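Trainee: One structure, as structure tokens, below. Some questions next.
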Amino acid sequence: MSPTFSATESTVKPLTRRFDEAARLEVLRNYRILDTPPEAAFDDLVRLAAYICGTPISLVSLLDAERQWFKAEVGLGVKSTPRHLAFCQHAILSDKVYEVEDATLDPLFKQNALVTGDPNIRFYAGAPLITPEGQALGTICTIDTVPRRLTEEQRDALRILAREVVSHLELRRARLQLEEEKIKLEGLLRMANDTAESFYLNGGQNEIFIKQDHKLLRVNTSDIRYVEALGDYVNIYSGRERYTVYSTMKELEAKLPLRDFARVHRKYIVRLDRIIAIENDAVIVEAGRSAEQAASVLPVPIGSSYKAALLSRLNLI
Numbered sequence: 001m002s003p004t005f006s007a008t009e010s011t012v013k014p015l016t017r018r019f020d021e022a023a024r025l026e027v028l029r030n031y032r033i034l035d036t037p038p039e040a041a042f043d044d045l046v047r048l049a050a051y052i053c054g055t056p057i058s059l060v061s062l063l064d065a066e067r068q069w070f071k072a073e074v075g076l077g078v079k080s081t082p083r084h085l086a087f088c089q090h091a092i093l094s095d096k097v098y099e100v101e102d103a104t105l106d107p108l109f110k111q112n113a114l115v116t117g118d119p120n121i122r123f124y125a126g127a128p129l130i131t132p133e134g135q136a137l138g139t140i141c142t143i144d145t146v147p148r149r150l151t152e153e154q155r156d157a158l159r160i161l162a163r164e165v166v167s168h169l170e171l172r173r174a175r176l177q178l179e180e181e182k183i184k185l186e187g188l189l190r191m192a193n194d195t196a197e198s199f200y201l202n203g204g205q206n207e208i209f210i211k212q213d214h215k216l217l218r219v220n221t222s223d224i225r226y227v228e229a230l231g232d233y234v235n236i237y238s239g240r241e242r243y244t245v246y247s248t249m250k251e252l253e254a255k256l257p258l259r260d261f262a263r264v265h266r267k268y269i270v271r272l273d274r275i276i277a278i279e280n281d282a283v284i285v286e287a288g289r290s291a292e293q294a295a296s297v298l299p300v301p302i303g304s305s306y307k308a309a310l311l312s313r314l315n316l317i
């Protein structure tokens with residue numbers, strides 16, 4: 001014979017939880033879970049809750065300011081309902097499973113539109129989703145259209161499932177935070193690389209290292225007068241020294257501060273502040289100083305394809 005239920009048998013838990021609603025909503029929104037697509041982890045938990053409790057409906061319900069929104073649901077077919085109709089808003093006030101055995105006999109719910117109309121709720125049991133900060137975000141709940149009562153084992157299972165839901169919320173939030181940190185880090189690296197590149201292209205590098213006789217020599221780029229290509233090698237004229245390195249002009253040009261140097265020929269790069277004059281199709285470059293400190297000069301041919309770019313970089317009057 002089916003059990004008979006009365007209003008006094010409806011298990012309405014005392015209100016034991018006090019909280020700041022604004023703080024609770026802020027915590028909920030920090031999880032960034034509202035209005036997200038279904039996820040298998042949450043779908044599996046509501047199916048398991050329905051199996052364990054033997055009910056046709058089960059939900060992971062999150063209480064927003066004006067609605068209860070379902071991250072996962074089985075048997076209901078809607079994504080949200082108005083909050084003022086929510087059984088779950090009562091369930092979050094207790095640390096225990098909140099159970100209503102027959103809603104038609106319960107003063108809180110017998111006039112509720114979800115009881116008097118579709119989906120015709122009679123039985124409800126919900127375990128609160130309590131975060132590590134102690135905020136109740138919603139519930140995992142089971143619903144039936146006929147009165148019933150859970151066993152203690154079923155209640156315990158519902159509490160366990162509630163903790164699993166919160167664990168998945170925490171994992172999901174941690175993953176989002178890690179992804180954000182990764183994006184931020186990548187952005188900072190790009191910014192650093194862009195800054196470094198800008199610094200480099202605008203003359204930030206003041207020195208280069210040259211391999212000579214199994215040694216690495218530091219050469220200040222401000223001392224370099226011009227560079228000359230010789231097949232697979234490049235001569236670098238710096239001060240009164242000449243360094244011969246195995247390189248291409250393109251590779252070396254990339255290592256020099258572009259604002260200070262100009263490619264004037266396929267075989268020559270000159271330092272702009274060492275140009276003394278331009279005569280016909282040659283630049284006259286200060287080549288060095290003799291022992292008597294007299295400056296010597298050297299004409300360097302200008303390639304026709306480089307001339308316009310060179311002239312655009314000079315202060316012509």
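In terms of the UniProt record's numbering, the sequence shown is residues 1 to 317. The beta carbon of each residue, even a glycine, is placed where N, CA and C say it ideally should be. Model, not experiment: these values are computed from the prediction.
Would you grab the beta carbon distance between I140 and L129 for me? Rounded to a whole angstrom, and I think it's under 8 Å.
Mentor: So it is a contact: roughly 7 Å between Cβ atoms.
Trainee: Return helix, strand or coil for S247, following the three-state DSSP convention.
Mentor: coil
Trainee: By DSSP's criteria, F87 is part of a beta bridge. Which residues make up the other side?
Mentor: Looking at the DSSP assignment, F87 forms no beta bridge with any residue, so it has no partner.
Trainee: In the DSSP assignment, find the unbroken beta strand (DSSP E) run with N220 in it and report its ends.
Mentor: K215 to N220
Trainee: So for T42, helix, strand or coil by DSSP?
Mentor: The sequence given here has Phe at residue 42, not Thr. Three-state DSSP puts F42 in a helix.
Trainee: According to DSSP, simplified to helix, strand and coil, what is G117?
Mentor: coil
Trainee: In this structure, does DSSP put I130 in helix, strand or coil?
Mentor: strand
Trainee: Looking at T81 and F123, is the spacing between their C-beta atoms short of 8 Å?
Mentor: In this structure, T81 does not lie closer than 8 Å to F123 by Cβ.
Trainee: What residue from L298, L272, E286 and E228 has the CA that sits closest to L311's CA?
Mentor: L272
Trainee: With DSSP run on the structure shown, which of helix, strand or coil describes A50?
Mentor: Correct three-state label for A50: helix.
Trainee: Exposed or buried, what is S305 when buried is set at 16 or more other beta-carbons lying within 10 Å of its beta-carbon?
Mentor: exposed
Trainee: In this structure, does DSSP put P14 in helix, strand or coil?
Mentor: Bear in mind that the predicted position of P14 carries a pLDDT of just 43, short of 50, making it unreliable; the figure below should be weighed with that in mind. P14 falls in the coil class under three-state DSSP.
Trainee: Applying the criterion that 16 or more other CB atoms from any shown protein chain within 10 Å of the CB defines a buried residue, is P132 buried or exposed?
Mentor: When all chains shown are included, P132 counts as exposed.
Trainee: Hey, E253 and R263: beta-carbon distance below 8 Å or not?
Mentor: In this structure, E253 sits near R263, with a CB-CB distance shorter than 8 Å.
Trainee: Give me the Cα-Cα distance between residue 319 and A113, rounded to the nearest whole angstrom.
Mentor: Examination of residue 319 is not possible in this model, given that the chain is present from 1 through 317 alone.
Trainee: Name the DSSP bridge partner or partners of L310?
Mentor: DSSP, once it has assigned bridges, lists no residue as partnering L310.
Trainee: Beta-carbon within less than 6 Å of residue 320's beta-carbon, same chain only, minus the 5 sequence neighbours each way: which residues are those?
Mentor: With the chain running from 1 to 317 in the structure shown, residue 320 is simply not present.
Trainee: Drop a sphere of 10 angstroms on the beta-carbon of G126, count the other beta-carbons inside from all chains shown, and report buried for 16 or more, exposed for fewer.
Mentor: Buried.
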